[in-house]
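One structure below.
2 protein chains.
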Amino acid sequence: MARRRTVDEHAARIAALVGPTLARRESEQVPLAAALGRVASEPVVTSGPLPPFRNAQMDGYAARADDVRRAPVVLPVDGVVPAAASEGTVLQPGHLLKVMTGAPVPDGADCIVPVEQTAEEDGGVRVLRTVERGAFVRDAGSDALPGTVVVPAHTRLAPRHLAAAAAAGVAEVAVRRRPRVAVLATGAEVVPPGAPLALGQIHDVNGVALSSLAVEAGAEAVLVDLTPDDPAAFEQALQRAVAVADLVVTAGGVSKGDFEVVRQVLEPLGADVTEIAMQPGGPQGTASVRGVPVVCLPGNPVSAAVSFTVFLRPLLRAAVGLPPVLPQSMPLAAALHSPKGKRQWLRGVVKDGTVHPVGGPGSHLIVAMAGADALIDVPEEVDFVATGDTVSVLPL
Amino acid sequence: MARRRTVDEHAARIAALVGPTLARRESEQVPLAAALGRVASEPVVTSGPLPPFRNAQMDGYAARADDVRRAPVVLPVDGVVPAAASEGTVLQPGHLLKVMTGAPVPDGADCIVPVEQTAEEDGGVRVLRTVERGAFVRDAGSDALPGTVVVPAHTRLAPRHLAAAAAAGVAEVAVRRRPRVAVLATGAEVVPPGAPLALGQIHDVNGVALSSLAVEAGAEAVLVDLTPDDPAAFEQALQRAVAVADLVVTAGGVSKGDFEVVRQVLEPLGADVTEIAMQPGGPQGTASVRGVPVVCLPGNPVSAAVSFTVFLRPLLRAAVGLPPVLPQSMPLAAALHSPKGKRQWLRGVVKDGTVHPVGGPGSHLIVAMAGADALIDVPEEVDFVATGDTVSVLPL
């Protein structure tokens, strides 16, 4: 038997195929309210200073520091500068102007006397304490000068970045388009979720699982299709998919059976389908159809989900600026066996800093996988790991 | 001056007001494709066994272990059981039936001989090795028996949970409705994002920032409004908000100035507005309008965002099943001063296991906050923290 391709070799092949396409995604303008979690494709720059004008940090009185140097002192109040002041106001020497937080500091004033440090009196306001020049005054541009990058390009936009963009007077931001993923599930025995089952039929799991894995990794699921084992039907679905997607993910139809529709359609188009030395995993493939990368996963839902997680999740997350999900080392809570020559990704549950295998290696154990939160990564050459030995664990 | 309310006291007050409303949210049915990240309100139960029928784990030949005990042995092949077999098939003693992965194991067969352990010959197939009874057969119900809870109630639905629900034949799941949050920004000087600024005007930041903080915490932003400092306009917006939201968040209008529209409208309705011993923070309030909790945050965008993060983020995340964002202890990279009597939440950047204060305490420093990724929590009674001292840090 020919040497099977390793996980790392196949991962490199998929990265070489998919990476350039994901990197080519154009940008689009979206309103701030729709930009949460998107990745800025251009820096957001403020054209004016922030704050845009010199303003009061406290409710109180705009004053000259020279006039309140000999506090306590009573000064006349000439009126109020509301926060919405639409025109410049001038403070006369020896006077005060009442001012609310955020309102423009009038010309001539150089400090704000907080209202708590004053007392109302006949003929004006008593300033109880001296105030330094500049006190409680926010200068224009003290947060950002004109031309400042308030959100760098490639930032994954959190609420605080949208806040800075809004402050800069921006209503829309340029973000990278989300990767568009199409999922093509196959299988004559497979029926849509919720449909009644005849003998020998099962419900489609891959359509929902792979599209939601794609969405969780920051992509957009633009098409989810299920075709029976009919080459013409699959070919049609494939053409629809490559017309709308940056990446097509197929499930099933690539093993050694007699009804392997994905292999039948894609191999004439130059697909590379081969056995990967992993469990769950088995035969997998890659192709390029009309310039769109196609990644062919096994049909078994556990195999497909694990393969997506191992091969595609890192690429999608990187493309949308999500942090990588890093493997963690921890002790194994219960000994396990593993097939030699295959890298096993066994489902596990992390608890109190150790990982417990759950459900066994069977790739039909979909419910068991739902109860797992991690994959235990057992290297190819290892066939047994003892309780307490350190293993590498990939969070789901 | 009256003692200011502490952060913990105010947090408890908000939790008591908001918690019961969030807990009362009804559930809704959503298709699996729309359920990612939602919280199951009921368990998902499989009515049938999973897998639904006994099926082959490998491509190969259905056989009786007794017939292949004396391998190598050549046996006749009676045909093929495709994966989509629509009727029960019976294996004759001393014969084989070809079978694909996932296809029903025919009655009479008790093991699968993998195709790799066979060779085609005239008159049949040579089985090269003995195979144990049950080998490569997945029994019906071996993943889950009828009645099994495949997704427990209160699970935040990840792709693997949707996979298990799909396998169980479910097309829709019952999830808790997302908390509906309305954001009412106020301020006569405040104009919508992107609008041109006259002197004394600033762009609204709170509408975008607070609604996206709500969405990030798992809520739905059902209404974002901006009203000038006009009590009638605010009253109208408030009535619209309480008609559609589980929680109304206001920004601004609660301090001691002369144009404090939120206070003016809500205090006659029994609002509690008081000074909180925090920086940024200042006066904040709570109210209940037609049974809907209203949380009044300061108008300053940094104060509002920090207050949302401290008071509302934990409640929303808990309500939608998101894990809490836990504070972390780490050394401070540069000494800081803090006002005594106020709990300060200074913006910081975590780098190499230490936290660096950024931008100073000014609550107008919106751009500086965009560059931060954490809040440094300085207790009320502390007025100085030295370089290298351990501080508590709340990730943003």
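Sequence order for the protein chains is A and B.
Under our numbering, the first residue of the first sequence is numbered 66, with each subsequent residue one higher.
Under our numbering, the first residue of the second sequence is numbered 66, with each subsequent residue one higher.
Glycine included, every Cβ here is placed at the ideal spot set by N, Cα and C.
Quick caveat, the model's predicted, so the values are computed rather than measured.
**OP:** Closer than 8 angstroms, Cβ to Cβ, to anything on chain B: give me those residues from the segment 276-291 of chain A, in chain order.
**Re:** Ser276, Ser277, Leu278, Val280, Glu281, Ala286, Val289
Just to confirm my understanding: we take B/Phe324, look at its own chain, exclude 5 residues before and 5 after, and list those with CB closer than 6 angstroms. What are they?
Reading the second sequence from its first residue, position 259 is the one you call residue 324 of chain B. Same-chain partners within the cutoff: Asp294.
List, in order along the chain, the chain B residues whose C-beta lies closer than 8 angstroms to that of A/Arg203?
Residue 203 of chain A sits at position 138 when you count from the first residue of the first sequence. Neighbours of A/Arg203 on chain B, chain order: Gly427, His429.
_I need the boundaries of the alpha helix (DSSP H) containing A/Pro296, first residue and last residue._
One-based indexing of the first sequence puts residue 296 of chain A at position 231. Looking at the DSSP string, the run of the alpha helix (DSSP H) that includes A/Pro296 is 296-309.
Q. Using 8 angstroms as the threshold, is the segment 119-128 of chain A in touch with the segment 194-208 of chain A, meaning 3 or more CB pairs across them?
A. yes
**Given B/Ala99 as reference, the closest of A/Val273, A/Leu249, A/Val110, A/Ala247 once Cα atoms are compared** = By 1-based counting over the second sequence, the position of residue 99 of chain B is 34. Ranking the options by Cα distance to B/Ala99, first place goes to A/Val273.
Problem set entry | Buried versus exposed, by CB contacts within 10 Å (16 or more), B/Met66 | Translated into the one-based positions of the second sequence, residue 66 of chain B becomes position 1. The pLDDT assigned to B/Met66 is 47, lower than 50, so where the model puts this residue is not dependable; a value taken from the coordinates is nonetheless given after this. Burial call: exposed.
Item to complete: Pick helix, strand or coil for A/His219, following the three-state DSSP scheme.
Response: Within the first sequence, residue 219 of chain A is the residue found at index 154, counting from 1. It is coil, neither helix nor strand.
| message | Taking 7 angstroms as the threshold (beta carbon to beta carbon), is B/Met434 in contact with chain A? | response | For the purposes of this step, residue 434 of chain B is taken as residue 369 along the second sequence, with counting starting at 1. Interface residue, yes.
Measuring only the C-alpha atoms, how far is A/Gly418 from A/Val456? Position 353 of the first sequence, counted from the start, is the residue given in the question as residue 418 of chain A. Position 391 of the first sequence, counted from the start, is the residue given in the question as residue 456 of chain A. Looking at the two C-alpha atoms, the distance is approximately 12 angstroms.
Starting from A/Thr251, trace the beta strand (DSSP E) in both directions and tell me its first and last residue.
On the first sequence, position 186 is the one that residue 251 of chain A refers to. Boundaries of the beta strand (DSSP E) harbouring A/Thr251: 245-251, taken from the DSSP string.
**Asked** Run through DSSP, which three-state label would B/Glu281 get?
**Response** By 1-based counting over the second sequence, the position of residue 281 of chain B is 216. Residue state, collapsed to three classes: helix.
Short CB-CB distance (under 7 angstroms) between A/Lys321 and chain B = As a first step, residue 321 of chain A must be located in the first sequence, where it is residue number 256. It does: the Cβ of A/Lys321 has a partner Cβ on chain B nearer than 7 angstroms.
Taking all protein chains shown into account, do 16 or more other C-beta atoms lie within 10 angstroms of the C-beta of A/Leu275, making it buried, or fewer, making it exposed?
Stepping through the first sequence from its first residue, residue 275 of chain A is reached at position 210. Looking at its Cβ environment, which holds 16 or more other Cβ atoms inside 10 Å, A/Leu275 is buried.
Next on the checklist: Do A/Val178 and A/Val480 count as a contact pair if the criterion is CB distance below 7 angstroms?
Outcome noted: Residue 480 of chain A cannot be examined here, being either before or after the span of chain A that is shown, 66 to 461.
| Where does A/Glu445 land, buried or exposed, given buried means 16+ other C-beta within 10 angstroms? | Here the question's residue 445 of chain A lines up with position 380 in the first sequence. Label assigned to A/Glu445: buried.
What does A/Thr213 reach in chain B if we use C-beta pairs closer than 8 angstroms? Reading the first sequence from its first residue, position 148 is the one you call residue 213 of chain A. Under the 8 angstroms cutoff, chain B gives Val432.
Quick one: grab the DSSP three-state call for B/Val326.
Position 261 of the second sequence, counting from 1, holds the residue named residue 326 of chain B. Helix at B/Val326.
Exercise. Of all the CB atoms in chain B, is at least one closer than 7 angstroms to the CB of A/His402?
Worked result: One-based indexing of the first sequence puts residue 402 of chain A at position 337. Output row for A/His402: interface = no.
* Asked: Considering only C-alpha positions, which residue in the set B/Glu300, B/Leu97, B/Gln344 is nearest to B/Thr216?
  -> Mapped onto the second sequence, residue 216 of chain B falls at position 151. It is Val, not Thr, that sits at residue 216 of chain B in the sequence shown. The candidate whose alpha carbon is nearest that of B/Val216 is B/Leu97.
Secondary structure at A/Asn365, three-state DSSP: helix, strand or coil?
Position 300 of the first sequence, counted from the start, is the residue given in the question as residue 365 of chain A. Note: A/Asn365 maps to coil in three-state DSSP.
Handout entry: chain A residues whose Cβ lies nearer than 8 angstroms to that of B/His268
Key = Position 203 of the second sequence, counted from the start, is the residue given in the question as residue 268 of chain B. Going along chain A in sequence order, the residues near B/His268 (Cβ under 8 angstroms) are Ala231, Ala232, Ala233, Gly234.
Worksheet item: Between B/Ser320 and B/Gly347, which are expected to be in contact by the criterion C-beta below 8 angstroms, what is the C-beta distance as a whole number of angstroms?
Response: The residue you call residue 320 of chain B lines up with position 255 of the second sequence. The residue you call residue 347 of chain B lines up with position 282 of the second sequence. Right, the Cβ-Cβ distance comes to about 6 angstroms (below 8 angstroms), so this counts as a contact.
#### Entry: Whole runs of the alpha helix (DSSP H) within the segment 163-245 of chain A, excluding any shorter than 4 residues
224-232
Exercise. Does DSSP classify B/Ala439 as helix, strand or coil?
Worked result: Position 374 of the second sequence, counted from the first residue, corresponds to residue 439 of chain B. Correct three-state label for B/Ala439: strand.
query: Terminal residues of the continuous alpha helix (DSSP H) containing A/Leu380?
result: What you label residue 380 of chain A is simply residue 315 of the first sequence in a count that begins at 1. Element bounds for A/Leu380: 378-384.
Legend entry - Neighbour flag for A/Asp208 against chain B, beta carbons, 7 angstroms: Start at 1 with the first residue of the first sequence, and residue 208 of chain A comes out as number 143. At a cut-off of 7 angstroms between C-beta atoms, A/Asp208 counts as an interface residue with respect to chain B.
If we define contact as Cβ-Cβ less than 7 angstroms, is A/Gly318 a contact residue for chain B? One-based indexing of the first sequence puts residue 318 of chain A at position 253. Output row for A/Gly318: interface = no.
- Comparing the C-beta of A/Gly189 with each C-beta of chain B, is any distance below 7 angstroms? Within the first sequence, numbered from 1, the residue matching residue 189 of chain A stands at position 124. Cβ-Cβ to chain B under 7 angstroms: no for A/Gly189.
query: Based on the DSSP output, what are the partners of B/Ser353 in its beta bridges?
result: Counted from its first residue, the second sequence places residue 353 of chain B at position 288. B/Ser353 pairs with B/Pro358.
A/Ala435 vs A/His421 beta-carbon contact at 7 angstroms:
Indexing the first sequence from 1 puts residue 435 of chain A at position 370. Indexing the first sequence from 1 puts residue 421 of chain A at position 356. Result no, Cβ atoms of A/Ala435 and A/His421 do not sit closer than 7 angstroms.
Margin query: Could you check whether the Cβ of A/Arg225 sits closer than 7 angstroms to any Cβ belonging to chain B?
Written below: On the first sequence, position 160 is the one that residue 225 of chain A refers to. By this cut-off, A/Arg225 is an interface position.
Item to check | CB contact check: A/Pro388 to chain B, cutoff 7 angstroms | outcome: Mapped onto the first sequence, residue 388 of chain A falls at position 323. It does not; no Cβ of chain B falls within 7 angstroms.
Q. What did DSSP end up calling B/Met66 once you bin it into helix, strand or coil?
A. To locate residue 66 of chain B, count along the second sequence from 1; it is residue 1. With a pLDDT of 47 at B/Met66, under the threshold of 50, the modelled position of this residue cannot be trusted; read the value that follows with caution. In the three-state reduction of the DSSP assignment, B/Met66 falls in the coil class, being assigned neither a helical nor a strand state.
ask   = Does B/Asp124 get closer than 7 angstroms to chain A when you measure Cβ to Cβ?
value = To locate residue 124 of chain B, count along the second sequence from 1; it is residue 59. Closer than 7 angstroms to some Cβ of chain A, the Cβ of B/Asp124 qualifies, so yes.
| Neighbourhood of B/Val287 by C-beta distance below 8 angstroms, restricted to the same chain and skipping five residues each side | Indexing the second sequence from 1 puts residue 287 of chain B at position 222. Arg245, Val246, Ala247, Val309, Ala310, listed in sequence order.
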